[in-house]
Structures are given as structure tokens and as C-alpha cells.
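For the sequence shown, the residue numbers in UniProt numbering are 1 to 210. No residue lacks a Cβ here, since even glycine has one placed at the ideal position from N, Cα and C. Here's the structure we're looking at; comments come further down.
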Amino acid sequence: MPKSKRNRVVSLTALKKKKFTDSKNRLVEEIRKCADEYKRIYVFRVDNMRNSRLKELRTELRDSRFFFGKNKVMIIGLGRTKTEEYKQNLHKLARIISGQCGIMFSNHEKDEVLNFFDKYKHVDYARTGDIAVETVNLFEGPLEQFPHNIEPYLRQLGMPTSLQKGIVTLMKDFEVCTKGKPLTSEQARILKLLQHQMAEFRVRIEGMCV
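Structure follows, in C-alpha cells:
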């Protein structure tokens, strides 16, 4: 663990000028408390964020501590610069924090943590705006997986369907989505109706202080 800089006083004047709330100040204090209590600090990035999966992750690693979703506060907690950092080299971790990032404090060995996250992957339904990882095509003919009463909704989503003898039928070939392009809300709904999952929730370690 990096050498402590607790004897270095960092002014909170800048925080007050930015109207930091009490809750944010408490979060900064919690982050620094964890930096004292845990041996290792990891900055992680989440692909295809799902709150339910993050909750499961917290449960599986209940002996570790997670902070997620307040990047500016986490950066201040670690220290934005070398002179402000709470402990040695933490400002280097702070530089990494952007987007869907979080901090994990843990006493687990580095290799154990890296191996855990390398295997921690869950497939889920893609959402509007997600990038399609594959092209999905449907071919002309009956879509027997669908009940007849859903046919109007499929047409509403843009699918060229009709009822043929009570069976939902695709009247011509239809491309649901194209690999590499963002999904529209209609495309995401169609994929879910098809029970086709293409979003992968995973956590990538971006940096560590061990």
C-alpha cells in the first residue's frame, strides 16, 4: 500500500466554492477511510452497466468496498494532483476515472482479483443506443414463436408481418440490426422479443495501487 500522506493538509475551500453537499463530503471521507483500512485500491470500468449485476457483485465481494457513479467526488477523494493526493500515487488512479468507472478497496491479492473479474461476465439484453455486436437477420416465413395477438405490435416496430391462417408470418426477409451500429429503441425491443441477448456486463480493471 502507498505511503500515507495523512499529515498533509488539503484545503477544502475549493470544495466549498463548488457548493459540495454534506453527503459528498462524507463520501470523500469514506473513500479516504477505506484507503487507510484496505491494502489495495482498484479503479474499474463497467461495460453494459446493469444495477442488478453491480448489486450481485457487491454481494459476492462483500468483504471489499465499492464506490461507483460519482466520478468528481471519487477523484477528489483520491486526490486530483500529486500535492492533493491522500496517499502516494493515488492521483495517478484519479486520472483514470471517467465514464462508467468505480473504485474498489480490497484486501484480496492482486492475482485473485484480476482472475475473478476476468471470469465475471453476464450476458443480457441490449438497450437503445448499445452497439450491435452482430448482424441479426430474419427470413421470410412463419414466426411460430410469437402468439397471433402480438402481430400488430411487430408491425408497429417495423417488421413486415401479417397473420396467415392465424400464424404470425414475415412477408419478406428483415434485418433486425447491423453489426457495429447503435440500436434503435425498436431494434432493442425486437431483440428482446426474440430472446436474443447480445450485451455483456463485465468489469475491467483499469488501474490499481497495491
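Query                                                                                                  : Result
Inter-stretch contact (C-beta, 8 Å, three-pair minimum) for the stretch 97–107 and the stretch 160–172 : no
Endpoints, the alpha helix (DSSP H) within which Ser162 is located                                     : Where Ser162 is concerned, there is no enclosing alpha helix (DSSP H), although the beta strand (DSSP E) it sits in stretches over 161–164.
Simplified DSSP assignment, three categories, for Asp124                                               : strand
Minimum C-alpha distance to Lys119 - residue among Leu170, Asn149, Lys39, Phe201                       : Phe201
Status (buried if at least 16 other CB within 10 Å, exposed otherwise) for Arg210                      : In the sequence on display, residue 210 carries Val and not Arg. Classification for Val210: exposed.
Reference Phe44; option with closest CA among Leu54, Glu37, Asp36                                      : Leu54
Residues bridged to Ile131 (per DSSP)                                                                  : Pro182
At least three beta-carbon pairs within less than 8 Å, the stretch 67–78 to the stretch 30–44          : yes
Length of the line joining the Cα atoms of Ala132 and Gln197                                           : 10 Å
Residue closest to Glu151, alpha-carbon to alpha-carbon, out of Ile167, Asn137, Gly141                 : Ile167
Supposed close pair Val73, Lys24 - CB separation, criterion 8 Å                                        : 5 Å
Delimiting residues of the beta strand (DSSP E) encompassing Leu170                                    : 167–170
Contact the stretch 129–148 vs the stretch 89–102: 3+ CB pairs below 8 Å                               : no
N- and C-terminal bounds of the alpha helix (DSSP H) containing Asn137                                 : Taken as a continuous stretch (DSSP letters only), Asn137 belongs to no alpha helix (DSSP H), being part of the beta strand (DSSP E) at 136–138.
Whole-angstrom C-beta distance between Asn137 and Val113, which should lie under 8 Å                   : So it is not a contact: roughly 40 Å between Cβ atoms.
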